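For the sequence shown, counting from 1, position 97 maps to 97 in full-length UniProt numbering; every step adds exactly one.
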Amino acid sequence: MCLAVPGRVLSTAEVDGTVMAEVDFGGVRKEVCLQYIPDVTVGEYVIVHVGFAIQRLDEASARDTLANFERLGILAEEFGDGFELAAQQNTSPEGAGR
1 MCLAVPGRVL
11 STAEVDGTVM
21 AEVDFGGVRK
31 EVCLQYIPDV
41 TVGEYVIVHV
51 GFAIQRLDEA
61 SARDTLANFE
71 RLGILAEEFG
81 DGFELAAQQN
91 TSPEGAGR
């Protein structure tokens with residue numbers, strides 16, 4: 001299975017003529033191509049599929065999606081413990097509103 005996962009943009013830069021971003025998926029950071037939505041800014045949430053940001057997403061929807069993935073048990077299966085931990089943090093009282 002290959003999911004589209006929400007993450008928060010930490011930084012952007014042009015690399016070899018392509019707009020790229022460092023995206024945080026609840027503690028797991030990945031380089032992501034922003035070619036489809038190059039005007040994304042730091043702090044915004046995006047949906048990432050196979051290394052490409054394909055859509056913007058509001059923070060509440062991003063957190064809800066991560067929590068739903070965790071409840072379904074597919075985060076650890078698909079991505080490892082970092083994503084499961086992120087989903088748990090985002091549904092706890094201390095993770096709310098971050």
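The beta carbon of each residue, even a glycine, is placed where N, CA and C say it ideally should be. All values reported here derive from a predicted model rather than from experimental measurement.
Residue span of the beta strand (DSSP E) that contains residue i, given as start and end
{"i": "Thr12", "result": "5-15"}
{"i": "residue 99", "result": "With the chain covering only 1 through 98, there is no way to say anything about residue 99."}
Residue i classed as buried or exposed, judged by whether at least 16 other C-beta atoms fall within 10 angstroms
{"i": "Gly26", "result": "buried"}
{"i": "Glu14", "result": "exposed"}
{"i": "Ser92", "result": "Here Ser92 scores only 44 on pLDDT, less than 50, and its place in the model should not be relied on; the value that follows carries that caveat. Exposed, since its Cβ has fewer than 16 Cβ neighbours within 10 Å."}
{"i": "Val42", "result": "exposed"}
{"i": "Val50", "result": "exposed"}
{"i": "Thr12", "result": "buried"}
Limits of the unbroken alpha helix (DSSP H) element including residue i
{"i": "Thr41", "result": "First-last for Thr41: undefined, no H or E at that position."}
{"i": "Leu72", "result": "59-72"}
Length of the line joining the Cα atoms of residue i and residue j
{"i": "Ala21", "j": "Asp64", "result": "22 Å"}
{"i": "Asp16", "j": "Tyr36", "result": "16 Å"}
{"i": "Glu59", "j": "Gly73", "result": "21 Å"}
{"i": "Asp39", "j": "Pro6", "result": "17 Å"}
{"i": "Asn68", "j": "Leu10", "result": "23 Å"}
{"i": "Glu31", "j": "Arg8", "result": "12 Å"}
{"i": "Phe52", "j": "Glu44", "result": "15 Å"}
{"i": "Leu3", "j": "Cys33", "result": "16 Å"}
{"i": "Ile54", "j": "Glu70", "result": "21 Å"}
{"i": "Val23", "j": "Arg29", "result": "5 Å"}
Contact belief for residue i with residue j at Cβ below 8 Å, rounded distance in angstroms
{"i": "Arg56", "j": "Val46", "result": "6 Å"}
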